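This report refers to the structure that appears directly beneath it.
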Amino acid sequence: MNERKSKILISYLFVLPALLFVVVFLLIPMIQNVYYSFFAWNGLSKPIFIGLKNFQKCFVDPNFVRSFMNTIIWVVFTLLVPVSFALLVAVFLKEIKGGSFFKGVFFIPLTISFVSTGVIWINMFSTKGVLNTIITAVTRNPDTVSWLTQVPLNTIAMLIAWTWQQMGVYMVLFLMGLTTIPQDPIEAAVIDGANKFQIFKAVTFPMLQPITTVVITQAIVNSFKTFDLIYVITHGGPYRSSETMAVTMYRETFSMFNMGYGAAISLVLSAIIIIISGGYVKSQLKQDLLHY
Amino acid sequence: MKKKLSSSMLIIYTALVLLAIIWILPIAASLLAAFKTPADFGSHKFYQFPTSFGLIGNLRDIFEVYRLHDHFLSSMYYSMVATFLAIIFSSMAAYSLIRLKPRFSFLLFIIIYSGTIFPFQMYLIPLYKTFNNLGLYNTRLGMILVYTALVIPFSLFVYRGFFTTMPRSIEEAAIIDGCSSTGIYLKICMPQAFAPTAVIALFQMTWIWNDLLFGMILSKSVAIRPIMVAMATMAGIGGGSIPRQMTGVLFTSIPTVILFISLQKYFIAGNSTVSSLK
Numbered sequence: 000m001n002e003r004k005s006k007i008l009i010s011y012l013f014v015l016p017a018l019l020f021v022v023v024f025l026l027i028p029m030i031q032n033v034y035y036s037f038f039a040w041n042g043l044s045k046p047i048f049i050g051l052k053n054f055q056k057c058f059v060d061p062n063f064v065r066s067f068m069n070t071i072i073w074v075v076f077t078l079l080v081p082v083s084f085a086l087l088v089a090v091f092l093k094e095i096k097g098g099s100f101f102k103g104v105f106f107i108p109l110t111i112s113f114v115s116t117g118v119i120w121i122n123m124f125s126t127k128g129v130l131n132t133i134i135t136a137v138t139r140n141p142d143t144v145s146w147l148t149q150v151p152l153n154t155i156a157m158l159i160a161w162t163w164q165q166m167g168v169y170m171v172l173f174l175m176g177l178t179t180i181p182q183d184p185i186e187a188a189v190i191d192g193a194n195k196f197q198i199f200k201a202v203t204f205p206m207l208q209p210i211t212t213v214v215i216t217q218a219i220v221n222s223f224k225t226f227d228l229i230y231v232i233t234h235g236g237p238y239r240s241s242e243t244m245a246v247t248m249y250r251e252t253f254s255m256f257n258m259g260y261g262a263a264i265s266l267v268l269s270a271i272i273i274i275i276s277g278g279y280v281k282s283q284l285k286q287d288l289l290h291y
Numbered sequence: 000m001k002k003k004l005s006s007s008m009l010i011i012y013t014a015l016v017l018l019a020i021i022w023i024l025p026i027a028a029s030l031l032a033a034f035k036t037p038a039d040f041g042s043h044k045f046y047q048f049p050t051s052f053g054l055i056g057n058l059r060d061i062f063e064v065y066r067l068h069d070h071f072l073s074s075m076y077y078s079m080v081a082t083f084l085a086i087i088f089s090s091m092a093a094y095s096l097i098r099l100k101p102r103f104s105f106l107l108f109i110i111i112y113s114g115t116i117f118p119f120q121m122y123l124i125p126l127y128k129t130f131n132n133l134g135l136y137n138t139r140l141g142m143i144l145v146y147t148a149l150v151i152p153f154s155l156f157v158y159r160g161f162f163t164t165m166p167r168s169i170e171e172a173a174i175i176d177g178c179s180s181t182g183i184y185l186k187i188c189m190p191q192a193f194a195p196t197a198v199i200a201l202f203q204m205t206w207i208w209n210d211l212l213f214g215m216i217l218s219k220s221v222a223i224r225p226i227m228v229a230m231a232t233m234a235g236i237g238g239g240s241i242p243r244q245m246t247g248v249l250f251t252s253i254p255t256v257i258l259f260i261s262l263q264k265y266f267i268a269g270n271s272t273v274s275s276l277k
């Protein structure tokens with residue numbers, strides 16, 4: 000009897016440290032954050048309760064609205080370019096022999112941080128940088144493009160850097176998905192005389208669907224979370240024109256000291272992310288419940 | 000038939016080669032810049048080879064002006080200690096939740112796992128305020144605590160997945176021989192869990208090494224600030240010379256690149272369990 004009791008005690012003691020870390024440093028702060036979002040507060044003075052005003056402000060604050068639109072541009076672009084490239088490259092790599100060299104090349108950016116990626120692409124986009132040198136050499140026009148200070152260009156420039164960083168992640172995931180597809184239906188289609196594109200459209204792509212869902216969810220969530228790259232390349236500027244929601248949250252909170260408003264923005268951001276990843280997480284947990 | 004096949008292959012190879020060139024270009028340009036002296040960089044095109052060896056001088060500059068080696072050591076310390084703590088605590092928790100099955104084990108799992116769902120922006124303001132109040136702001140202890148907490152949920156997820164699939168036969172034999180739960184965890188489960196531990200170490204050390212946000216918000220002095228904050232400061236708009244910055248990239252990427260190369264086989268093996276939750 001005593002032995003059983005000590006076993007139960009041990010089972011809880013083993014979970015305790017991990018649980019304490021998460022509760023103290025993540026879950027309690029999260030609840031505090033919800034609480035702060037109802038206050039006008041600059042971090043020093045006494046917080047004033049203003050109810051939902053911080054959330055209302057999101058709709059009318061031109062900085063927030065622009066930042067939200069920029070975030071949407073990031074999401075759409077991520078789905079159109081890095082994700083599509085990744086699918087294409089993964090399918091190509093399956094077709095050829097000795098793809099490990101290419102795999103390695105597209106994998107390199109994953110070993111480098113977002114900050115380093117940002118710094119590398121500053122070298123590419125700066126006034127006398129790599130891209131302008133190439134453009135001048137090709138067009139023989141000495142005028143340089145100021146990639147990072149003009150309004151649609153700065154976001155496009157960062158999206159190119161983003162594609163360079165992100166494509167490898169999605170490529171690895173698609174390759175994983177492609178290896179799990181059974182070969183029989185593909186062989187059957189080949190015998191029926193289908194060409195490669197038809198096989199891809201009718202067999203491979205539909206069978207990839209579970210991994211495609213994962214990749215798309217990841218891509219959207221990652222776009223909403225982008226911070227480091229923008230912070231390093233443009234700081235969200237000039238004049239806050241290239242901010243996304245995560246950058247706006249940081250700026251409002253830690254440069255302008257609108258702590259309550261910052262907390263509200265982080266809540267909006269979290270709500271969007273949870274709604275998007277919710278279905279995916281739920282299906283994962285449902286699978287988990289089967290083990291119990 | 001054969002000819003048609005080779006023409007489609009040609010298209011595929013051409014597309015891949017073109018894409019690979021685009022992917023290598025930024026790396027090549029950065030490497031070349033890192034080896035150039037600032038004067039060399041200013042007077043030559045990016046693709047021209049350096050006329051004098053500038054890397055050592057650039058390194059000396061970033062050490063003297065930006066103290067990058069101090070930040071390097073701090074980040075090394077954070078990523079190793081916090082990952083080590085997270086590995087111990089999360090494997091203990093996972094072992095307990097899967098094998099000892101305390102009451103509410105699924106609920107306990109959900110509580111810890113929920114740490115992976117929310118974006119980090121949810122924690123920043125309260126952590127900043129609490130760390131200030133408790134005197135943890137700008138301390139090594141504070142950085143270790145927060146990194147450990149951030150890394151535990153995902154590590155637990157990986158260990159839990161591993162322990163559910165691990166065969167029980169050896170453990171059952173050990174129980175019959177009178178081995179205690181702690182003994183089974185230490186002597187049987189953990190030695191078998193080498194692959195997930197390697198994957199967790201790779202992912203989490205890299206993540207902590209690459210973190211910018213928490214380092215920026217919870218620290219301010221050179222001795223405490225992690226390396227990516229120093230890099231971001233170095234790159235600050237318009238400031239700093241490109242050769243210095245590229246040397247910085249090279250210097251700060253060494254640990255993660257080495258880690259990826261040396262643990263590559265575990266990364267690929269573990270990828271199917273790890274998925275891409277982070």
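Residue numbers (numbering that gives the first Met the number 0), protein chains in the order written: chain Y, 0 to 291; chain H, 0 to 277. Note that beta-carbon positions come from the ideal geometry of N, C-alpha and C, so glycine has one too. Predicted model, so just to flag it, every value in this text is computed and none were measured.
How many whole angstroms separate the CB atoms of residue i and residue j, which I take to be in contact at a CB cut-off of 8 Å?
i, j, result
"Y:Ser241", "Y:Thr154", "5 Å"
"H:Thr205", "H:Leu258", "6 Å"
"Y:Leu174", "Y:Leu92", "7 Å"
"H:Ala173", "H:Tyr265", "Incorrect: roughly 26 Å between the Cβ atoms, too far for contact."
"H:Met165", "H:Ile223", "Contact flag wrong, Cβ pair sits at about 40 Å."
"H:Leu217", "H:Tyr122", "No, H:Leu217 and H:Tyr122 are not in contact; Cβ-Cβ is about 10 Å, not under 8 Å."
"Y:Phe101", "H:Leu155", "The pair is not a contact, with the Cβ atoms about 35 Å apart (cut-off 8 Å)."
"Y:Val82", "Y:Val214", "6 Å"
"H:Ile253", "H:Ser78", "Not quite, the Cβ-Cβ distance comes to about 13 Å (not below 8 Å), so this is no contact."
If distances are taken between C-alpha atoms only, which option among the options comes closest to residue i?
i, options, result
"H:Ser51", "H:Gln263, H:Ser252, H:Thr251, H:Pro242", "H:Pro242"
"H:Leu31", "H:Leu54, H:Ile21, H:Pro125, H:Ala14", "H:Leu54"
"Y:Ile182", "Y:Leu172, Y:Phe199, Y:Gly167, Y:Tyr169", "The question names Ile, yet the displayed sequence has Gln at residue 182 of chain Y. Ranking Y:Leu172, Y:Phe199, Y:Gly167, Y:Tyr169 by Cα distance to Y:Gln182 puts Y:Phe199 first."
"H:Ala357", "H:Pro166, H:Leu72, H:Thr82", "The question about residue 357 of chain H has no answer, for chain H in this structure spans 0 to 277."
"Y:Gln208", "Y:Val267, Y:Phe48, Y:Leu25, Y:Leu172", "Y:Leu172"
"H:Ala92", "H:Ser78, H:Phe161, H:Leu67", "H:Phe161"
"H:Met227", "H:Leu72, H:Asn132, H:Thr36, H:Phe45", "H:Leu72"
"H:Lys186", "H:Gly247, H:Asp69, H:Glu170, H:His43", "H:Glu170"
"H:Tyr46", "Y:Arg250, Y:Leu51, Y:Ala136, Y:Ile273", "Y:Ala136"
"Y:Asp142", "Y:Phe113, Y:Ile272, Y:Asn131, Y:Thr225", "Y:Asn131"
"H:Ile111", "H:Leu99, H:Ser168, H:Phe88, H:Arg98", "H:Phe88"
"Y:Phe124", "Y:Trp146, Y:Val213, Y:Tyr11", "Y:Trp146"
"H:Asp60", "H:Phe250, H:Ile260, H:Leu24", "H:Phe250"
"H:Phe130", "H:Gly247, H:Phe213, H:Pro37", "H:Phe213"
"Y:Ile27", "H:His43, H:Ile109, H:Leu126", "H:Leu126"
"H:Phe103", "Y:Tyr11, Y:Thr126, Y:Phe256", "Y:Tyr11"
"Y:Leu158", "Y:Arg65, Y:Met255, Y:Phe76", "Y:Phe76"
Residue j and residue i - do their beta-carbons sit closer together than 8 Å?
i, j, result
"H:Leu106", "H:Leu96", "no"
"H:Tyr65", "H:Cys188", "no"
"Y:Ile232", "Y:Gly117", "yes"
"H:Ala19", "Y:Tyr230", "no"
"H:Ser74", "H:Met245", "no"
"Y:Phe13", "H:Trp22", "no"
"Y:Ile210", "Y:Gly176", "yes"
"Y:Val377", "Y:Ile190", "As shown, chain Y starts at 0 and ends at 291. That puts residue 377 of chain Y outside it, with no answer to give."
"H:Leu262", "H:Ala192", "no"
"Y:Leu87", "Y:Ala160", "no"
"H:Thr278", "H:Leu84", "Limits of chain H in this structure are 0 at one end and 277 at the other, which puts residue 278 of chain H out of reach."
"H:Ile11", "Y:Glu94", "yes"
"H:Asp39", "H:Pro49", "yes"
"H:Ser168", "H:Leu99", "no"
Assuming residue i is part of the alpha helix (DSSP H), what are its boundary residues?
i, result
"Y:Val220", "208-224"
"Y:Trp73", "61-77"
"H:Ser89", "67-94"
"H:Thr181", "180-183"
"Y:Lys102", "99-106"
"Y:Trp120", "113-124"
"Y:Trp40", "Run containing Y:Trp40: none; DSSP gives neither H nor E here."
"Y:Gln165", "150-179"
"Y:Pro16", "1-21"
"H:Leu149", "139-164"
"H:Ala231", "226-234"
"H:Ser252", "241-261"
For a test of your reading of the model: does the CB of residue i fall under 7 Å from any non-hydrogen atom of the ligand SAM? Yes or no.
i, result
"Y:Ala85", "Only the bare structure without any ligand can be found here, which leaves the ligand SAM out of the picture."
*Would the region 228-239 of chain Y and the region 26-42 of chain Y be scored as touching if the rule is three or more Cβ pairs under 8 Å?*
no
*How about the region 216-232 of chain Y and the region 164-174 of chain Y: do they share at least three Cβ pairs that are nearer than 8 Å?*
yes
*Stretch pair the region 3-21 of chain Y + the region 240-257 of chain Y: three plus CB contacts closer than 8 Å*: no
*asked:* I'd like to know if the region 249-263 of chain Y and the region 49-64 of chain Y are in contact, where contact means that at least 3 CB-CB pairs between them fall below 8 Å.
replied: yes
*asked:* Check whether the region 147-156 of chain H and the region 111-120 of chain H touch, using three or more Cβ-Cβ pairs below 8 Å as the test.
replied: yes
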